[in-house]
Structure formats: C-alpha cells, structure tokens
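In our numbering, the protein residues as written are 2 to 161. In what follows, a structure is listed as structure tokens, so that the remarks can point back to it.
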Ligand code: FES
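Written out as structure tokens, the structure is:
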C-alpha cells in the first residue's frame, strides 16, 4: 500500500512542466495554462501558482488576481460533504479519470467547485493512502474502495 502523499507527484510535475512549456511564450499563456491544468487537476495549490509565476516571470499575487478576475479561480464555498477523487498513479492507471468524469457528470461541477445546493464540494487529490483498493474516493473521512463509474450515483445518494 502506498502511504506516500507525494505518490505520483513526479509524473504530475512532468506533465505540468510540459504544459508550462506549451503555453509559456503564447498570448494568453497564463490563462490557457490554468484552464488546461484545472480541467484535470482542479483548483491549483500554491506550489503550482508558484511554478507558474516562475515560468511566466510574474508575481504570484499578480497571477492569483488575474485568475480571480477572470473567474477561472473561484473562492470555493465548502460543501456539506467533501468528495476527494484520488488521481495518484495507481488510481489513475485503474480508471480514476473515468470515475472523476462520472462524479462531474452526476454533480454538474468541475473539480474545485461546489454544487449549487451547497451539498458537495468536489476535488482531486494525490494518493489517499489506499492504493491497493484503487480507484479510491474519500467522502468526508470515509474511503470508498474500488470505485467504478457505475457506483458513483449510489455513493452520492448515500450522502444526500
Ligand atoms: S494512488 Fe494511492 S490511493 Fe490512489
């Protein structure tokens, strides 16, 4: 079982570096980088904002202001229930992307957003420490093992 909270981080960092290189000297590069990043990973943590600030030669606060003013980054309202989808390497290889897609479809939100009724906040995380049971999803403090897209609806219903 992987209990390393950095599980899969190297692969993710490589992907992010590729994305930064792709958008670096392009018009609208900062916004396009974050749009593409958030489609997969949700709201960026501060280390990603820092990486982007270095790559685009901007201040971190300047980047955050830009993201908020363009409504790309939202001050997420915490939902009643927090759903964390593991996108660590093991879960990813076992189909976590499809599980995430199913949650987005059922809830009508993207990672980093809260449902309109305030019930669910959806996020993507790296390794929940339950790799042997992936794809793993955590709702509040409860781990759901071996989640497949067809189980998503009943998981959501059990918290409604
Ligand atoms: S990769 Fe470890 S729980 Fe998903």
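Ideal Cβ positions, reconstructed from N, Cα and C, are used throughout, including at glycine.
> Where does residue 108 land, buried or exposed, given buried means 16+ other C-beta within 10 angstroms?
Replying inline: With 16 or more other CB atoms across the displayed protein chains lying within 10 angstroms of its CB, residue 108 is buried.
> Beta carbon of residue 129: closer than 6 Å to some heavy atom of the ligand FES?
Replying inline: Checking every heavy atom of the ligand FES against the Cβ of residue 129, one is found closer than 6 Å.
> According to the Cβ coordinates, are residue 122 and residue 83 closer than 7 Å?
Replying inline: Cβ distance < 7 Å, so residue 122 and residue 83 count as in contact.
> Hey, would you say residue 100 sits closer than 7 Å to residue 136, going by beta carbons?
Replying inline: The beta carbons of residue 100 and residue 136 sit closer together than 7 Å.
>> If contacts are defined as beta-carbon pairs under 8 Å, then residue 114 and residue 85 qualify, I think. What distance do you get, rounded to the angstrom?
In response: The C-beta distance from residue 114 to residue 85 rounds to 14 Å, too long to meet the 8 Å contact threshold.
> Using the beta-carbon count (16 or more within 10 Å), is residue 94 buried or exposed?
Replying inline: Classification of residue 94: exposed, given that the 10 Å Cβ count is below 16.
>> Starting from residue 94, trace the alpha helix (DSSP H) in both directions and tell me its first and last residue.
In response: Element bounds for residue 94: 90 to 94.
> Ordered along the chain, which non-local residues of its own chain (more than five positions away) have a Cβ less than 6 Å from that of residue 88?
Replying inline: Leaving aside the five residues that flank residue 88 on each side, the residues in its chain whose CB is nearer than 6 Å to its CB run, in chain order, 97 and 125.
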